[in-house]
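Here the protein sequences come in this chain order: R and E.
Quick note: to get my numbering, add 5 to the position in the first sequence (first position is 1).
Quick note: to get my numbering, add 16 to the position in the second sequence (first position is 1).
All C-beta atoms in this analysis are idealised placements derived from N, C-alpha and C, irrespective of residue type, glycine included.
Report on one structure; see the data block that follows.
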Amino acid sequence: MDNNQGSKESSDRTELVSEDGKNTKSVLCQRCGSKVLCPAMAVFTETELFLPSMRKKSSLSTTEGSVDGDNLTAHWLVDDMYTFENVGFTNDVGRIKYLICADCEIGPIGWHCLDDKKKFYIALDRVNHA
Amino acid sequence: MDPRYDIPRRATAGGSGGSANSSPAMGPQSRRRKMPPRPADFKLQIIIIGSRGVGKTSLMERYTDDTFCEACKSTVGVDFKIKTVELREKKIRLQIWDTAGQERFNSITSAYYRGAKGIVLVYDITKQETFDDLPKWMKMIDKYASEEAELLLVGNKLDCEADRVVSRQQGERFASRISGMRFCEASAKDNFNVDEIFLKLVDDILSKMPLEVPNKALSNSVLSLQPEPEVPPELPPPRMRCC
Numbered sequence: 006m007d008n009n010q011g012s013k014e015s016s017d018r019t020e021l022v023s024e025d026g027k028n029t030k031s032v033l034c035q036r037c038g039s040k041v042l043c044p045a046m047a048v049f050t051e052t053e054l055f056l057p058s059m060r061k062k063s064s065l066s067t068t069e070g071s072v073d074g075d076n077l078t079a080h081w082l083v084d085d086m087y088t089f090e091n092v093g094f095t096n097d098v099g100r101i102k103y104l105i106c107a108d109c110e111i112g113p114i115g116w117h118c119l120d121d122k123k124k125f126y127i128a129l130d131r132v133n134h135a
Numbered sequence: 017m018d019p020r021y022d023i024p025r026r027a028t029a030g031g032s033g034g035s036a037n038s039s040p041a042m043g044p045q046s047r048r049r050k051m052p053p054r055p056a057d058f059k060l061q062i063i064i065i066g067s068r069g070v071g072k073t074s075l076m077e078r079y080t081d082d083t084f085c086e087a088c089k090s091t092v093g094v095d096f097k098i099k100t101v102e103l104r105e106k107k108i109r110l111q112i113w114d115t116a117g118q119e120r121f122n123s124i125t126s127a128y129y130r131g132a133k134g135i136v137l138v139y140d141i142t143k144q145e146t147f148d149d150l151p152k153w154m155k156m157i158d159k160y161a162s163e164e165a166e167l168l169l170v171g172n173k174l175d176c177e178a179d180r181v182v183s184r185q186q187g188e189r190f191a192s193r194i195s196g197m198r199f200c201e202a203s204a205k206d207n208f209n210v211d212e213i214f215l216k217l218v219d220d221i222l223s224k225m226p227l228e229v230p231n232k233a234l235s236n237s238v239l240s241l242q243p244e245p246e247v248p249p250e251l252p253p254p255r256m257r258c259c
C-alpha cells in the first residue's frame, strides 16, 4: 500500500462520501471500467479487512507462506448482493468469498464472509470512482 | 420469439413432480429475507452448463488476458456473478452460475437447476463429443430444472471455424426438437454474440412474465450463497465419459 498520500486520500474521501454516508459517485473497475455500484447504493464504512494483492506476481511471492496483500480499512458496504450492478464472487476461501470484477475478473476488490450474509464490502482503494 | 409451447417439451420430466406453477425454488432462507430497497426490477438466475472445455467460463468474461489475480482465477475460481442488463426499460440483475469444474453430469447439484430461470447449454463446434453429450445434459434439465426455464443452446468457438465438426444445421436441428429451445453460435473469444446470448435469454424470460408481477415473486428464486451440497437422488448412472 502506498500511504504517501494520506492527506490527498482523505480529501478525496470527503468528495466520495455524501452527507448521509453514501457513495456520491459510481464505483468502477480500475482496469476495465465495469460498473460495480451506482451512486448512493452503498454506505461508507471503516473496518479492517485483509485482501490478497491484485497483482499476480506479488500474490505469488509470499512472505513465509502467507499471502501477499493489504489490510484495508475504507470500504463501501451493501447488505444485498443484488445491490451490485456487476460483480463476481470467488469460490469459498474458508468462510470468505472475495469479490472481483464481473467482466475482467481482476480482484479481489472486495470481501464477503459467509457468516454474515448482509455484509458485502468493496475496498475504496481497489476501485475507481466516477 | 414464440414463447408458447405446442409440444410437450419434456416427455421424460417425471422426476420433478408437482405442478408447473409451484416453484420449488424458494428456500426457507428467502422467506425470512426482508425486502431491500428495490435495487432492480427483476432478479433472474441463469446457469451455464455443458461438457468440459466448451468455453462456459469464457462466455461470462468480456475479455481475457494474463493479468488475472492468480489467487482468484486459477486457485480459487469464480463461483458466480451478478450482472445487470437493461431491457424493455427494466433493470434486470442476473445471477449467473458457471458450472465449470463440475462437468460430470451427476456432480452439478440439483440446487443449481432448481432456481434457474434460464439455462445456457454450451457445446464446442470443434468437438463432436461435446455435441453428443447434449442429450445427457437435457436429461438433467428435464429432471431438475423448472419446466418454465428458458433454454438456449450455444455452439461455441465460432472463431475456430476451420476446425468445425458440428454443422450449424446439426445444432439447429437439435434445438428444434426441443420445444422452446433457442439456438445460436458464438465465439466467446471474439465476444461474438455473447452479449446477445444473455439479452436474448433475458428477453425470453421477461416475455413469459406478466409485466406487473409483484417483485416478491421474482426475487426469491435465488439468494443462497451456498447451494446445498446435496447429491442428486437416484440419478441414472453416468455411464458415458464426460470429457
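query, result
"Residues near residue 26(R) by beta carbon distance below 7 Å, same chain, minus five either side", "48 and 49"
"8 Å Cβ shell around residue 70(E) - same chain, five flanking residues per side excluded", "138, 139, 140, 143, 146, 172 and 173"
"Counterpart residues of residue 23(R) in DSSP-defined beta bridges", "According to DSSP, which records beta bridges pairwise, residue 23(R) is partnered with nothing at all."
"Residue 97(E), DSSP secondary structure in three states", "strand"
"Contact with chain E by residue 93(R), beta-carbon distance below 7 Å", "yes"
"Proximity of residue 149(E) and residue 67(E) at Cβ, strictly below 7 Å", "yes"
"Chain-ordered chain R contacts of residue 59(E) [CB-CB under 7 Å]", "87"
"Beta-carbon proximity of residue 33(R) to residue 133(R), cut-off 7 Å", "yes"
"Coarse secondary structure for residue 218(E), derived from DSSP in three states", "helix"
"Buried or exposed (CB count within 10 angstroms, at least 16 for buried), residue 111(E)", "buried"
"Test item: CB-CB of residue 133(E) and residue 60(E) under 7 Å", "yes"
"Extent of the continuous beta strand (DSSP E) to which residue 59(R) belongs", "Unbroken run through residue 59(R): none, as it is neither H nor E."
"Residue range of the alpha helix (DSSP H) that includes residue 127(E)", "126-130"
"Sequence-distant residues of its chain with Cβ nearer than 8 Å to residue 126(R) (five each side left out)", "50, 52, 54, 80, 81, 82, 104, 115, 116 and 117"
"Close Cβ partners of residue 129(E) (< 6 Å) along its chain, the five nearest in sequence each way excluded", "160 and 161"
"Outcome for residue 166(E) when other beta-carbon atoms lying within 10 angstroms are tallied against a minimum of 16", "buried"
"Any C-beta of chain R under 7 Å from that of residue 100(E)", "yes"
"Chain R contact for residue 218(E) (CB, 7 Å cutoff)", "no"
"Interface flag, residue 138(E) vs chain R, CB-CB below 7 Å", "no"
"Alpha helix (DSSP H) runs contained entirely in the stretch 140-175 of chain E, provided each spans 4 or more residues", "144-148 and 150-160"
"Residue closest to residue 64(E), alpha-carbon to alpha-carbon, out of 181(E), 56(E) and 94(E)", "94(E)"
"When 77(R), 17(R), 97(R) and 108(R) are compared against residue 100(E), the one with the closest alpha-carbon", "108(R)"
"Buried versus exposed, by CB contacts within 10 Å (16 or more), residue 42(R)", "buried"
"Selected residue, minimal CA-CA separation from residue 123(R), among 93(R), 94(R) and 85(R)", "85(R)"
"Residue span of the beta strand (DSSP E) that contains residue 186(E), given as start and end", "That residue, residue 186(E), is in no beta strand (DSSP E); its alpha helix (DSSP H) goes 184-192."
"Whether residue 130(R) touches residue 77(R) by CB criterion (7 Å)", "yes"
"Buried versus exposed, by CB contacts within 10 Å (16 or more), residue 210(E)", "buried"
"For residue 88(R) and residue 18(R), the rounded distance between their alpha carbons", "22 Å"
"Status (buried if at least 16 other CB within 10 Å, exposed otherwise) for residue 206(E)", "exposed"
"Residue 192(E) beta carbon near the ligand ADP (any heavy atom closer than 6 Å)", "Among the components of this structure there are no ligands whatsoever, and the ligand ADP is therefore not found."
"Host beta strand (DSSP E) of residue 42(R) (start-end)", "40-42"
"Chain-ordered chain R contacts of residue 97(E) [CB-CB under 8 Å]", "91, 92, 93, 94 and 107"
"Close Cβ partners of residue 112(R) (< 8 Å) along its chain, the five nearest in sequence each way excluded", "59, 93, 95, 103, 104, 105, 106 and 131"
"Short Cβ contact (7 Å threshold) for residue 97(E) with residue 56(E)", "no"
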